[in-house]
Structures are given as structure tokens and as C-alpha cells.
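Asker: Numbering (the numbering used here), first residue to last: 10 to 420. Sharing a structure here in C-alpha cells format.
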Amino acid sequence: GHVRYATSGELSKLKLSTDIQPLIVGEDLKVCIAYNGNITNVKLLREKLLSYGYSFKCTSDTEVLALILLHNLIEGYKIEDAVKRIMNDVDGAYSVVGLLSDGTLFFFRDPCGIRPLVYGFSKNGNMFMVASESSALNSNNIRDFKVVEPGFLYTLSNNKLSIKKIFEGARENLCSFEFAYFARPDSKFNGKYVCEVRQELGRKLAIRYNDIARRVDVIVPIPQTAVDAAYGFHEVSGKPMQQWIVRDRYVKHRAFILSPEDRTIILHRKYNILFDKLRGKKIALIDDSIVRGDTLKTVVSELRKHDVSEIHIFVTFPKIIGPCFYGIDMATFQELAAFGRSDEEICKFIGADTINYQTIEDFVSAISSSNLCLGCLTLNYPTKYAMELSRLALELALKGVKIKGRITEEV
């Protein structure tokens with residue numbers, strides 16, 4: 010199965026229901042897949058499949074990926090060669106788990122390893138599990154896990170696991186946003202728990218912006234992903250940390266992945282601010298990232314109405330200057346708070362006294378790995394087609410041309 014939010018396909022309730030994973034394609038020979046990521050050259054691949062005589066029942070790129078695999082198998086390629094052809098032809102991020110008609114379970118990551126994928130057996134060998142994060146395995150009493158290496162194909166048949174390297178030159182470029190926002194704090198990457206990385210991100214901020222950190226009265230995180238970073242900030246600065254912005258646990262939506270209209274409504278329902286505690290205070294407001302700036306703008310506006318003395322924002326993720334083409338729903342330059350704005354202008358847009366971003370250098374140091382996708386921070390994307398899309402999207406944005414839908418599905 011797949012807990013999905015859409016970065017491809019149509020967003021109507023009907024289309025979202027037909028795009029639910031796992032997806033099964035084929036008749037005599039069937040392929041079932043669930044995958045995490047986003048295909049950047051999906052339009053070209055869709056056109057190629059149409060020329061082969063295939064039709065589409067869904068709107069998401071999952072069906073495209075499944076049909077390409079099915080086509081390769083029908084053409085007589087073994088699963089190893091069929092997946093190798095995918096890795097050669099499909100540009101983007103894809104961590105895939107699937108099932109063939111004969112009961113063979115298979116899983117693999119794209120050659121750049123942008124989206125995470127792990128696997129493991131239970132101690133008694135009766136359970137085998139593949140998931141995006143180690144926390145999912147741990148919840149099912151699978152303590153030992155291994156990382157699915159990019160460019161490899163893993164198959165499980167008759168309780169026997171086979172691992173084959175099928176793509177030369179693969180190198181992990183794990184999505185950097187996993188560490189700041191997406192991943193669960195109890196998941197492990199590169200031998201470190203995500204909560205530990207986030208605490209270190211907070212420490213780095215307090216060290217780099219020590220002069221501002223010393224001026225505040227209290228540290229307040231935007232829940233939930235910034236809480237660990239706020240603790241790290243507290244450790245270094247010595248200032249008290251208080252969770253005086255409380256998230257309503259019954260509001261399940263993530264504002265980040267909603268439509269603009271829904272986002273505003275949810276933000277007001279999602280956070281309850283203890284204004285009487287904050288009145289007259291100079292606060293360090295810790296947030297995981299600034300994408301569109303909606304959350305911070307809403308929170309800061311409410312704080313200003315209740316006489317907070319100073320608001321200094323510290324952001325654990327560096328400044329996002331470009332879209333993501335690999336499975337995070339920020340598809341255009343124009344929607345980004347940083348597009349066309351200096352730090353001072355971003356600060357004014359949000360309404361804060363200062364805004365203090367993590368540097369890329371400190372971010373990479375906190376993670377203790379350089380095998381990262383930093384495309385949204387540097388515009389240097391790990392795949393060829395994404396680089397082309399970025400250049401085109403920036404050119405259109407600078408001309409003031411608004412793209413209808415997602416650029417990966419338009420060009």
C-alpha cells in the first residue's frame with residue numbers, strides 16, 4: 010500500500026480515488042506496484058506508451074511506470090533487464106515495491122537514490138517488510154534493517170532474497186528535505202536518528218546566529234517537526250524552550266500539501282497559541298522550513314496582534330530557491346516565498362523582525378553526509394531532465410508566465 014499525497018495526476022476526488030496505489034496493470038501477465046517519488050519525463054514516456062498501443066485508466070505517473078515495466082516483460086525481458094531499461098529511460102525519483110503474477114516480490118530505487126527505501130526480516134523469519142523508513146519496520150518488531158541501494162534490484166521468491174546490481178554508476182542523492190520535514194523523528198538514516206539530526210540543526214543555528222539567540226527571552230517551536238531543533242537551539246543558547254504554540258492533534262492535514270484555499274483555513278484550526286504567555290516577550294520562533302511562507306505568515310500575524318515584543322525566525326532548512334521535481338509538492342518558482350525576494354524582503358513578507366536561515370554548509374555538516382539532493386537549494390539537480398525543466402521553469406517565471414499544472418506534465 011501507499012500513503013500518498015499527489016505530485017502527479019489530477020486532484021479531483023474521483024481521479025485521486027482511481028490513482029490509489031498499489032496499482033495493477035496487465036491481463037494475462039500482471040504487474041502490481043506502489044512507489045514513492047516523481048517521474049520528470051513522464052509526458053515523453055506517456056506518449057511513447059500511447060504509440061505502443063497502451064491506454065491509461067489513471068492520471069498519475071504510477072501507471073506510466075507500471076506499464077513500462079509490463080511492456081518490457083511482455084517484450085521478453087527478464088525482470089532484471091526490464092528494470093535496467095527503466096533505470097536507463099525513466100528520469101526522476103522512484104522507490105518501487107511490486108509484485109509479479111508468479112508471486113515474485115521485487116523492489117528497487119532509481120540510480121540517484123533520491124527517495125528512501127529500507128527492508129528487513131523479522132527475527133523468526135516469518136515476516137519480510139519493505140518501507141520508506143526504518144520506523145515502519147520498527148513498529149512491526151523488525152529491529153534490523155538494511156538500505157535498498159540505488160541501482161540494485163531486489164527480488165524475493167520462495168522465501169529467498171536475491172540482490173543484483175543492474176545499473177553502473179548509481180550514487181545516492183537522498184532528498185535533503187527528508188531530514189528537515191518529511192521523515193519521522195524515530196527513523197534512522199546514515200546511522201543517525203532523524204531527531205538527532207534535527208537537534209543538531211538547532212544547535213548549528215544557535216551557534217551561527219549567537220548574537221540574536223542571546224537577545225531572545227524564550228524559544229518557541231512551530232510543532233511538530235521543529236520541536237527537536239528547538240531543543241538543540243536551547244542547549245546551545247541557554248534560553249528556555251517552551252511549547253507555547255500547540256498543535257491540535259485532531260487536525261490531521263498538513264498545510265504544506267493542501268490547496269491554497271484549504272491551507273489558510275487549516276492553519277487557523279491547526280495551531281493554538283498561548284498568547285498570554287508570549288505577550289511582551291522577545292521570541293525565537295523555530296520552524297523546519299519556509300516553502301510558501303503561509304504557516305509563518307499566519308502565526309506571526311497572530312502574534313503581532315497580541316503584543317509580542319520581537320519575533321526572530323530561525324529556519325532549520327536552508328533557503329528554498331527552486332522547485333522540487335522529485336516528489337515534493339512545490340512545482341514552480343513563483344509559489345516560493347524566496348522567489349524574487351531578498352532575505353529582508355522575505356522578513357517583511359512574513360512580518361518578522363529577523364529571519365535566519367540554516368546555511369547549506371551547516372545543514373550538510375549536521376547530517377554528516379554529502380550524498381544528498383540539494384536541487385531546491387542550489388538548482389543543481391541530480392538528473393538530466395530535471396536540470397532542463399529547472400532552466401525552462403526559471404525562464405518562464407522570470408518572464409511572468411504562469412504554468413498551469415505541473416511542468417513535468419506539461420513539457
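Glycine residues also receive a C-beta, built at the ideal position from the N, C-alpha and C atoms.
How many angstroms separate the CA atom of Ala406 from the CA atom of Cys385?
Answerer: Taking the sequence shown and counting its residues from 1, the one referred to as residue 406 is at position 397. Taking the sequence shown and counting its residues from 1, the one referred to as residue 385 is at position 376. Rounded to whole angstroms, Ala406 to Cys385 spans 15 Å at the Cα level.
Asker: Using the Cβ count rule (16 or more neighbours within 10 Å means buried), how would you classify Thr234?
Answerer: Along the sequence shown, one-based indexing puts residue 234 at 225. With 16 or more other Cβ atoms within 10 Å, it is buried.
Asker: From which residue to which residue does the beta strand (DSSP E) around Ser171 run?
Answerer: Here residue 171 is taken as the residue at index 162 of the sequence shown, counted from 1. Residues 169 to 174.
Asker: When the Cβ atoms of the segment 149 to 156 are set against those of the segment 99 to 106, are three or more pairs found closer than 8 Å?
Answerer: no
Asker: Could you round the C-beta distance between Ile355 and Ala347 to whole angstroms and report it? I think they count as a contact, below 8 Å.
Answerer: Working through the sequence shown from its first residue, we reach residue 355 at position 346. Working through the sequence shown from its first residue, we reach residue 347 at position 338. At roughly 6 Å, the Cβ-Cβ gap stays under 8 Å, so Ile355 and Ala347 are in contact.
Asker: Can you tell me where the alpha helix (DSSP H) holding Val92 begins and where it ends?
Answerer: As a first step, residue 92 is located in the sequence shown; it is residue number 83 there, counting from the start. Segment 88 to 98, the alpha helix (DSSP H) holding Val92.
Asker: Give me the DSSP bridge partner(s) of Met396.
Answerer: On the sequence shown, position 387 is the one that residue 396 refers to. DSSP output for Met396 lists no bridge partner at all.
Asker: Report the partner residues of Asp296 according to the DSSP bridge assignment.
Answerer: On the sequence shown, residue 296 is found 287 positions in, with the first residue counted as 1. Partner(s): Val324.
Asker: Whose C-beta lies closer than 7 Å to the C-beta of Leu76 among residues of the same chain, with five residues either side of it excluded?
Answerer: On the sequence shown, position 67 is the one that residue 76 refers to. So the list reads Val34, Leu58, Tyr63, once near-sequence residues are dropped.
Asker: At what residues does the alpha helix (DSSP H) containing Gly211 begin and finish?
Answerer: Stepping through the sequence shown from its first residue, residue 211 is reached at position 202. Note, Gly211: alpha helix (DSSP H), 203 to 217.
Asker: In this structure, how does DSSP classify Glu142 when only helix, strand and coil are distinguished?
Answerer: Along the sequence shown, one-based indexing puts residue 142 at 133. Coil at Glu142, not helix or strand.
Asker: For the segment 367 to 391, list the alpha helix (DSSP H) runs that are entirely contained and at least 4 residues long, ordered along the chain.
Answerer: 369 to 376, 384 to 387
Asker: Give the range of the alpha helix (DSSP H) segment to which Phe242 is assigned.
Answerer: Residue mapping note: residue 242 aligns to position 233 of the sequence shown, counting from 1. Phe242 -> alpha helix (DSSP H) spans 236 to 246.
Asker: From Ile95 to Gly409, what does the alpha carbon distance come to, in whole angstroms?
Answerer: Locating residue 95 in the sequence shown gives position 86, where the first residue counts as 1. Locating residue 409 in the sequence shown gives position 400, where the first residue counts as 1. Approximately 35 Å, taken between the alpha carbons.
Asker: Straight-line CA distance for His243 to Lys291?
Answerer: Position 234 of the sequence shown, counted from the first residue, corresponds to residue 243. Position 282 of the sequence shown, counted from the first residue, corresponds to residue 291. Distance between the alpha carbons of His243 and Lys291 is about 15 Å.
Asker: When DSSP labels each residue in this structure, what does Tyr163 get in the three-state scheme?
Answerer: Along the sequence shown, read from residue 1 onward, the residue named residue 163 stands at position 154. Strand at Tyr163.
Asker: Quick check on DSSP: helix, strand or coil for Leu283?
Answerer: Within the sequence shown, the letter at position 274 stands for residue 283. Of the three classes helix, strand and coil, the one that applies to Leu283 here is coil, per DSSP.
Asker: Can you tell me whether DSSP reads Ser148 as helix, strand or coil?
Answerer: As a first step, residue 148 must be located in the sequence shown, where it is residue number 139. Helix.
Asker: Can you say whether Arg288 is buried or exposed, counting buried as having 16 or more other CB atoms within 10 angstroms of its CB?
Answerer: In the sequence shown, counting from the first residue as 1, residue 288 sits at position 279. Arg288 is exposed by the Cβ-count criterion.
Asker: Under 8 Å, with one C-beta from each stretch per pair, do the segment 118 to 132 and the segment 44 to 60 reach the 3-pair mark?
Answerer: The answer is yes - the segment 44 to 60 touches the segment 118 to 132, with three or more Cβ pairs under 8 Å.
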